[in-house]
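Enquirer: This is the structure I have questions about; it appears just below.
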Amino acid sequence: MSETGIAVIADIHGNDFALEAVLADIERRGITRIVNLGDHLSGALNAARTADILMARPDILCIAGNHDRWLLEKPRADMGDWDRIAHEQLAPHHLNWLADLPSRRTAQDDILLCHGTPTSDTIYWLDEATSDGGMQLASIERIESLAGDFANPVLLCGHTHIARAVRLPDGRLIVNPGSVGSPAYDDDTPVPHKVETGSPHARYAVLENRDGLWDAAFHLVAYDHMAMARLAESRDQHAWASALATGWLR
């Protein structure tokens, strides 16, 4: 089956098996345009091979996420586990590739690509952490405020790993495709919280313009997630192993 549209991927986090499965699914659908919203390499998995796959695909329009920036800016001693494990695998040409990526760009002149929000790579946009340690859909007022004056009809973001689409009152569509390679994680900022998607699938989205109106469809892709879970476990990354195996943190 051939399908027109733009595939949107994000938050691969060094999961090369998930990336390969998603790219194969995109190809199967006949989609040739792909945009990638950052956080490509950091994690407990295969950072260098993931970088090699992406570097061999100059047709994929990429931006940098917060973890990509931290791989370049932070001394290794100050890195968290995700960044340190990845950084140990990367060669200078991988880091040079990351350094050339912008933090924000447009596709097709009207689709805005960012990682967190248009002005920050660390702020959650469509969802927000709650005081009880979970995540919830953000208020429309917060979402609209963070969209600011960016008039693009489609605004794309990642960062939360949660697939979500929100239509603003003025018609702009904001889409988070979910995470290709990391279905669950925990964090301490802005408050301690967990993100759990509930399944180990790799996730991405497809944008289509139908009669002048942009819309999005979300796709879940099965792959050999247990191989990745075993790899994380072998590196004593138990939360990663649980997330990859189940989509939950146990």
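Using our numbering, read the sequence shown as starting at 201 and increasing by one per residue.
All C-beta atoms, glycine included, are put in the ideal place defined by N, C-alpha and C.
Computed from a predicted structure; not experimentally measured.
Whose C-beta lies closer than 8 Å to the C-beta of histidine 420 among residues of the same chain, with five residues either side of it excluded?
Expert: Looking at the sequence itself, residue 420 is leucine, so the reference to histidine does not match. The residues are Ser399, His401, Ala402, Arg403.
Enquirer: Throw me the rounded Cβ distance for the alanine 264 and leucine 301 pair, which I believe falls under 8 Å.
Expert: 4 Å
Enquirer: Leaving out five residues on either side along the sequence, give the residues of the same chain with a beta carbon under 7 Å from the beta carbon of glycine 447.
Expert: Pro383, Ala384, Glu396, Thr397, Gly398, Ser399, Pro400
Enquirer: Which same chain residues, not among the five before or five after aspartate 211, have their C-beta less than 8 Å away from its C-beta?
Expert: Leu237, Gly238, Asp239, Gly265, Gly358, His359, His361, Gly378, Ser379, Val380, Gly381, Ser382
Enquirer: Is DSSP giving threonine 446 helix, strand or coil here?
Expert: It is helical.
Enquirer: For methionine 201, count neighbouring C-beta atoms within 10 Å of its own C-beta (all shown protein chains included) and say buried if the count is 16 or more, exposed if not.
Expert: The pLDDT assigned to methionine 201 is 36, lower than 50, so where the model puts this residue is not dependable; a value taken from the coordinates is nonetheless given after this. Label assigned to methionine 201: exposed.
Enquirer: If we ignore side chains and look at the alpha-carbon of each, how far apart do alanine 286 and methionine 428 end up?
Expert: Whole-angstrom Cα-Cα distance: 14 Å.
Enquirer: Quick check: what's the CA-CA separation for alanine 351 versus glycine 316?
Expert: In a straight line, the C-alpha of alanine 351 is about 17 Å away from that of glycine 316.
Enquirer: Evaluate methionine 426 with the Cβ neighbour count: other Cβ atoms within 10 Å of its Cβ, from every protein chain shown; 16 or more gives buried, anything less gives exposed.
Expert: exposed
Enquirer: Which residue from Leu407, Ala277, Ala307, Pro390 puts its Cα closest to that of asparagine 376?
Expert: Distances from the CA of asparagine 376 to each of Leu407, Ala277, Ala307, Pro390 were compared; the closest alpha carbon is that of Leu407.
Enquirer: For a minimum of 3 consecutive residues, which ranges assigned as the beta strand (DSSP E) are wholly contained in the segment 367 to 392?
Expert: 373 to 376, 384 to 387
Enquirer: Does the distance from the CB of alanine 256 to the CB of arginine 233 come in under 8 Å?
Expert: no
Enquirer: Output yes or no for whether 8 Å exceeds the beta carbon distance between aspartate 281 and tryptophan 270.
Expert: no
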